[in-house]
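Engineer: This is the structure I have questions about; it appears just below.
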Amino acid sequence: MKHKKGSDKHAMIVKFTEEALRLGGGVSDNQRHFIKVAIAHGKTMEPAGRLAGGQ
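Taking the numbering used here, the leading residue of the sequence shown gets -9, the next gets one more, and so forth.
Right, dumping it as structure tokens:
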């Protein structure tokens, strides 16, 4: 019986996903702080004009 190539691809996806989660670690305190500020202030803290990028 032949194996489908899709099963090998799925196994690689699972392996790389697990490795990325293991090596990536958790959310740092600094990242958590940015998220809290973004939730609290919304778009009022977003840059405008030239700071937002050239258009």
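Where a beta carbon is used, it is the ideal one built from N, C-alpha and C, also for glycine.
So residue 28 is in the alpha helix (DSSP H); what residue range does that whole segment cover?
Structural biologist: For the purposes of this step, residue 28 is identified with residue 38 of the sequence shown, where counting begins at 1. Residues 19 to 31.
Engineer: Going straight from the alpha carbon of residue 12 to that of residue 6, what length do you get?
Structural biologist: As a first step, residue 12 is located in the sequence shown; it is residue number 22 there, counting from the start. As a first step, residue 6 is located in the sequence shown; it is residue number 16 there, counting from the start. Rounded to the nearest angstrom, the two C-alpha atoms are 10 angstroms apart.
Engineer: Using only the alpha-carbon positions, how far apart do residue 14 and residue -2 sit?
Structural biologist: Here residue 14 corresponds to residue number 24 of the sequence shown, with the count starting at 1. Here residue -2 corresponds to residue number 8 of the sequence shown, with the count starting at 1. About 24 angstroms.
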